[in-house]
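For reference, the structure is listed below as structure tokens.
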Amino acid sequence: MAGVAHKSHEMGLHSEQLSGRTQQRFFSATEEENFVYPWSYEVDFDKSAQFDAEGMDTPQINVKIRELMQQGHGTITVKNPMARHSLGVGILNRLNLNFEGSLGYFGCGLIDGPNVHISGRVGWSCAENMMAGTVVIEKNGGSTFGAAMRGGDLVCKGDVGSRTGIDQKGGTIIVGGRTGAFSGFMMQRGRMVILGDAGKNLGDSMYDGTIYVGGKLTDLGVDCVEGEMTDLDVKWLNDKLGKYGLEAPNGAENMTKLVSGKQLWNYDNLEPTEKKLVL
Amino acid sequence: MSTDNIDHFLETDGVDTEREKDIGQHIGYRYDVNLVPDMAYCTPFLKKYMEVMGWTDLNWLEDVHMGYEENRAAVFDRNINGWVTVPEDIELPDNQQERDMIARELLIKFQMSSNHPMVDLRKAYEKFK
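Taken in order, these protein sequences are the chains called A and B.
Using the numbering used here, the letters of the first sequence map in sequence onto residues 22 to 300.
Using the numbering used here, the letters of the second sequence map in sequence onto residues 631 to 759.
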């Protein structure tokens, strides 16, 4: 193997700058407190509005939410969402958003900041690519719940389908009930808390991140192994679950912690060589 | 993480194992991505941020840690897919939890700054006013 590095040095690959590309962007670490994006709407949580979505289509509902934010409403209630797809997506603002009813596919995707409460159920890929905020679902969720999620808390108090948190890159997914097969598939970061039972191939090919399970494990996927539960884990679990009125069935300290075995961490410095040769 | 020395990646290039020496680069993260926050170290600035956002914990910042890039303390900004280096005049505590809180505070200040690159990108590509 030593020959490989030697050869790559001979080819000049290590003079290739893979990091860097520095951009000088000055800002003051002690500048005035500003807690929201420069482009976000100024909203007041105490200023509330509601509207009935019956008879409206998806774009009309999403535009209406945006208009209410522009008017400064920080709490918005949508009645009768009627399980329409792609509702409440792309909200990059602080906001309390309540859906009285159920959502269809891809509800609340790509959000960065809002606190969403859904009194009914959700379809596939709820909160996919979620960046920040909280999404709480009172009933059940569909498959690929929290797909490619990056941050925030995504909570389903009922059961969810398969492939929960597929490609999860951050944030916390909490499932009050059971989760289906291939949950945590290709998980890269973040935390998944399953209070009920977990289906087949849990954590298959997970690269990093942590899965906590309170119920029974059907089986583990490739490179998913049991980790050591720490006092900090237990404290964090109790705090986090308590915020959503949930608790581990046999206590947080008795949950099973699963992590990556890191046997699939394959790095090959010949990759740049190959690219260079192709080019 | 291959060491208990908190300054390992500030003091060395982090190329420790035989495999890393073979390929000439560090493998994996330079910090523990799975470390959950200890709120005992939460700063007043972060508490205010949580209050403004209507959150009762650090939310997405739970995934933010102090990292190390080119022997400098740095925090990764997912919005620009790049590292923001920690100003050299900020003294680093000898505790990763405290360092993580500094990283979180710094990242918020950078992301919410009018000098953040996303401000220019948004002007160029925004779909909604």
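Quick reminder that beta carbons are idealized off the backbone N, C-alpha and C, glycines included.
For this session: Using the Cα positions of Gly111(A) and Asp260(A), report the straight-line distance between them to the nearest angstrom.
Result: CA-to-CA, the gap between Gly111(A) and Asp260(A) works out to about 28 Å.
Exercise. Just curious, the beta strand (DSSP E) that Leu118(A) is in, first and last residue?
Worked result: If you look at Leu118(A), you'll find it in the beta strand (DSSP E) that goes 117-121.
Exercise. How would you label Trp286(A), buried or exposed, when you count the other beta carbons within 10 angstroms and need 16 or more for buried?
Worked result: Taking all protein chains shown into account, Trp286(A) has fewer than 16 neighbouring C-beta atoms within 10 Å of its C-beta and is therefore exposed.
Exercise. Taking a cut of 8 Å between CB atoms, which residues from the stretch 149-163 of chain A lie near chain B?
Worked result: Within the stretch 149-163 of chain A, Met152, Ala153, Gly154, Thr155 place their CB atoms closer than 8 Å to a CB of chain B, listed in sequence order.
For this session: List the residues of chain B whose Cβ lies closer than 7 Å to the Cβ of Asp174(A), in chain order.
Result: Chain B residues near Asp174(A): Asn689.
Problem set entry | Contact list for the stretch 92-117 of chain A against chain B, Cβ threshold 8 Å | The stretch 92-117 of chain A vs chain B, Cβ under 8 Å: Arg115, Asn117.
Problem set entry | Cβ neighbours of Gln91(A) in the same chain (closer than 7 Å, five flanking residues each side left out) | Tyr62.
Problem set entry | Length-filtered (3 minimum) beta strand (DSSP E) runs lying within the stretch 265-289 of chain A | Qualifying beta strand (DSSP E) stretches, in chain order: 277-281.
Exercise. Any heavy atom of the ligand FAD closer than 8 Å to the Cβ of Ile636(B)?
Worked result: As presented, the structure is devoid of all ligands, the ligand FAD included, so that no description of it is given.
For this session: Confirm, please, whether the CB-CB distance from Met696(B) to Asp687(B) is below 9 Å.
Result: Going by C-beta atoms, Asp687(B) is not nearer than 9 Å to Met696(B).
Exercise. At a CB-CB cut-off below 7 Å, which residues of chain B make contact with Arg210(A)?
Worked result: Under the 7 Å cutoff, chain B gives Val663, Asp693.
Problem set entry | Of the listed residues Met683(B), Pro747(B), Gln726(B), nearest to Tyr671(B) (C-alpha basis) | The residue with the shortest Cα to Cα distance from Tyr671(B) is Gln726(B).
For this session: Taking C-beta pairs closer than 8 Å, name the residues in chain A that Met742(B) reaches, listed in chain order.
Result: Under the 8 Å cutoff, chain A gives Asn55, Phe56, Val57, Tyr58, Pro59.
For this session: Could you tell me which chain A residues have their CB closer than 9 Å to the CB of Arg708(B), listed as they occur along the chain?
Result: Within 9 Å Cβ-Cβ: Met152, Arg171, Gly172, Lys190, Gly191.
For this session: Going by CA-CA distance only, name the one from Thr185(A), Val157(A), Ile187(A) that's closest to Leu267(A).
Result: Closest in C-alpha terms to Leu267(A), from the list Thr185(A), Val157(A), Ile187(A), comes Val157(A).
For this session: Entirely within the stretch 69-105 of chain A and at least 3 residues each: give me those beta strand (DSSP E) ranges in chain order.
Result: For the stretch 69-105 of chain A, whole beta strand (DSSP E) runs of length 3 or above, ordered along the chain, are 94-100.
For this session: Return the CA-CA distance between Gly230(A) and Gly179(A), expressed in angstroms with no decimal places.
Result: Going from the Cα of Gly230(A) to the Cα of Gly179(A) covers about 23 Å.
For this session: Have a look at the DSSP bridge pairing and note the partners of Gly697(B).
Result: As a beta-bridge residue in DSSP terms, Gly697(B) pairs with Ala704(B).
Exercise. Considering only residues of the same chain and omitting the five flanking positions on each side of Pro723(B), which have a CB-CB separation below 7 Å?
Worked result: Correct list, in chain order: Arg729.
For this session: Can you give me the start and stop residues for the alpha helix (DSSP H) that Leu736(B) sits inside?
Result: Leu736(B) -> alpha helix (DSSP H) spans 726-741.
Problem set entry | Stretch pair the stretch 713-723 of chain B + the stretch 219-228 of chain A: three plus CB contacts closer than 8 Å | Between the stretch 713-723 of chain B and the stretch 219-228 of chain A there are fewer than three C-beta pairs closer than 8 Å, too few to call the two in contact.
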